[in-house]
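Undergrad:
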Amino acid sequence: PPDVEGLGRAAWTLLHSMTATYPTSPSSVQQTDARQFLSSFSRLYPCWVCAEDFQQWMRDPCNAPRVSSRDEFGQWMCEAHNAVNVKLGKERFNCARWEERWRTGWKD
Ligand code: FAD
87 PPDVEGLGRA AWTLLHSMTA TYPTSPSSVQ QTDARQFLSS FSRLYPCWVC
137 AEDFQQWMRD PCNAPRVSSR DEFGQWMCEA HNAVNVKLGK ERFNCARWEE
187 RWRTGWKD
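full-length UniProt numbering numbers the first residue of the sequence shown as 87 and each following residue consecutively.
1) Please name the residue, chosen from 93, 114, 163 and 111, that lies closest to residue 184 on a Cα-to-Cα basis.
2) Where does residue 143 sit, in a helix, a strand or coil, going by DSSP?
3) Give me the residue from 111, 174 and 122 with the minimum Cα distance to residue 139.
4) Could you pull out every residue in the same chain whose Cβ sits closer than 7 Å to the Cβ of residue 177, ignoring the five residues on either side in sequence?
5) My output table needs one value for residue 124: the three-state DSSP class, helix, strand or coil.
6) Hey, could you find the ends of the alpha helix (DSSP H) residue 153 is sitting in?
7) Should residue 90 be labelled buried (16 or more other beta-carbon atoms within 10 Å of its own) or exposed?
8) Quick check: what's the CA-CA separation for residue 179 versus residue 115?
9) Please identify the residue among 154, 157 and 149 whose C-alpha is closest to the C-alpha of residue 168.
10) Spatial neighbours of residue 141 within its chain, please: C-beta separation below 8 Å, excluding the five flanking residues on both sides.
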């Protein structure tokens, strides 16, 4: 069976790094690419229960991907990750600090 934890850490690194390098003002093509990537990712992610729950979470209109800017996309990804953290009984991450963690480095 796949290493669900190692896979998860690697996947979150990819996903948050993508939001960290996403344009501040993305073109409509870039926004479509981001939405299509998430849609494919949520169907192809090689932990099937994880993928199923992630798709279901994204299907809620409140959780539809927000890709209109780097900040929106980064916040949205942080919320997605927090939904999984809550499901697994882990601590919520403070989304005000997503960019420090994944782009600029911690300030303290
Ligand atoms: P991770 O949760 O992997 O986090 C890595 C690092 O990201 C942390 O050390 C922290 O610095 C930072 N971080 C934490 N939270 C946030 C946040 N909200 N925003 C930004 N940065 C943050 N595992 C299961 O057992 N069952 C599942 O159903 C499941 N579903 C998953 C669905 C998806 C889409 C993904 C990508 C992973 C899923 N996982 C699931 C894996 C799980 O989320 C963790 O990756 C795994 O349990 C390892 O956790 P960890 O505590 O090492 O840190």
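The beta carbon of each residue, even a glycine, is placed where N, CA and C say it ideally should be.
TA: Looking at the coordinates:
1) 163
2) helix
3) 174
4) 171
5) helix
6) Element bounds for residue 153: n/a, residue is neither H nor E.
7) exposed
8) 30 Å
9) 149
10) 128 and 129
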